[in-house]
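The structure appears below as structure tokens.
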Amino acid sequence: MIFKIVSLLLAAYFIFAGAVQYNDPDPLHWMLLYFTSSLACILAALDKDKLPLLYAIIGMAGIEIAATIDGFLDWLRTGNENLITAKMTDEKPYIELGREFLGALISLVVITWLWYRKRTKNSK
């Protein structure tokens with residue numbers, strides 16, 4: 001029961017994360033990542049999750065992490081701003097990239113957890 005509740009809370013988070021991407025300069029791939037992550041959480045809560053979907057999302061999150069890691073590392077080196085509250089500017093692209101990196105990382109961690117759980121459950 002706790003797994004279902006956590007999965008549904010994570011699904012709600014990913015729906016919110018996808019919904020706020022509408023005004024982003026590059027919304028489509030982020031919305032796709034977050035909404036498919038939400039779908040995976042809902043399917044897992046219903047015990048209808050499928051490994052191919054989880055693999056696809058892991059790949060999508062990995063690509064986003066690879067595309068944004070330089071900005072995240074720049075933020076670690078030069079930024080002392082809070083990534084959540086800092087204003088995004090052209091002079092500080094690492095703010096947006098850092099946020100995107102962390103969002104993709106959250107998706108990767110959650111979907112890897114679902115993958116591990118599904119894989120372990122299938123091997124029993």
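1 is the number of the first residue of the sequence shown in the UniProt record's numbering; add one for each residue after it. Even for Gly, the Cβ is constructed at its ideal location relative to N, Cα and C. Here the structure is a predicted model, which means the values were calculated and not measured.
Is the Cβ-Cβ distance between residue 17 and residue 64 less than 8 Å?
-> In the sequence shown, counting from the first residue as 1, residue 17 sits at position 17. In the sequence shown, counting from the first residue as 1, residue 64 sits at position 64. Against a cut-off of 8 Å, the Cβ pair of residue 64 and residue 17 comes out as no contact.
Cβ-Cβ distance between residue 114 and residue 24 below 8 Å = Residue 114 sits at position 114 when you count from the first residue of the sequence shown. Residue 24 sits at position 24 when you count from the first residue of the sequence shown. Not closer than 8 Å, so no.
Residue 109 to residue 121, Cα distance in whole Å?
-> Your numbering for residue 109 matches position 109 in the sequence shown. Your numbering for residue 121 matches position 121 in the sequence shown. C-alpha separation (whole angstroms): 18 Å.
What is the rounded straight-line gap between the Cα of residue 54 and the Cα of residue 69?
-> As a position in the sequence shown, residue 54 is number 54, starting the count at 1. As a position in the sequence shown, residue 69 is number 69, starting the count at 1. Cα to Cα, the separation comes out at about 22 Å.
Can you tell me whether DSSP reads residue 118 as helix, strand or coil?
-> Residue mapping note: residue 118 aligns to position 118 of the sequence shown, counting from 1. Three-state DSSP puts residue 118 in a helix.
Beta-ladder partner(s) of residue 89, from DSSP | On the sequence shown, residue 89 is found 89 positions in, with the first residue counted as 1. Beta-bridge pairing links residue 89 to 92.
Confirm, please, whether the CB-CB distance from residue 38 to residue 56 is below 8 Å.
-> Walking along the sequence shown from the start, residue 56 turns up at place 56. Walking along the sequence shown from the start, residue 38 turns up at place 38. Not in contact: residue 56 and residue 38 (Cβ atoms no closer than 8 Å).
Assigned exposure category for residue 7 - 16 Cβ within 10 Å defines buried = Here residue 7 refers to the residue found at position 7 when the sequence shown is read from its first residue. It counts as buried.
Range covered by the alpha helix (DSSP H) that runs through residue 69 = Against the sequence shown, residue 69 aligns to sequence position 69. Start and end: 51-78.
Grouping DSSP H, G and I as helix and E and B as strand, with all else coil, what is residue 1?
-> Taking the first residue of the sequence shown as position 1, residue 1 is located at position 1. Coil.
Can you tell me whether DSSP reads residue 25 as helix, strand or coil?
-> Along the sequence shown, read from residue 1 onward, the residue named residue 25 stands at position 25. DSSP places residue 25 in coil when its eight states are reduced to three.
Can you tell me whether residue 14 is buried or exposed, with buried defined as 16 or more other CB within 10 angstroms of its CB?
-> Here residue 14 is taken as the residue at index 14 of the sequence shown, counted from 1. Residue 14 comes out buried.
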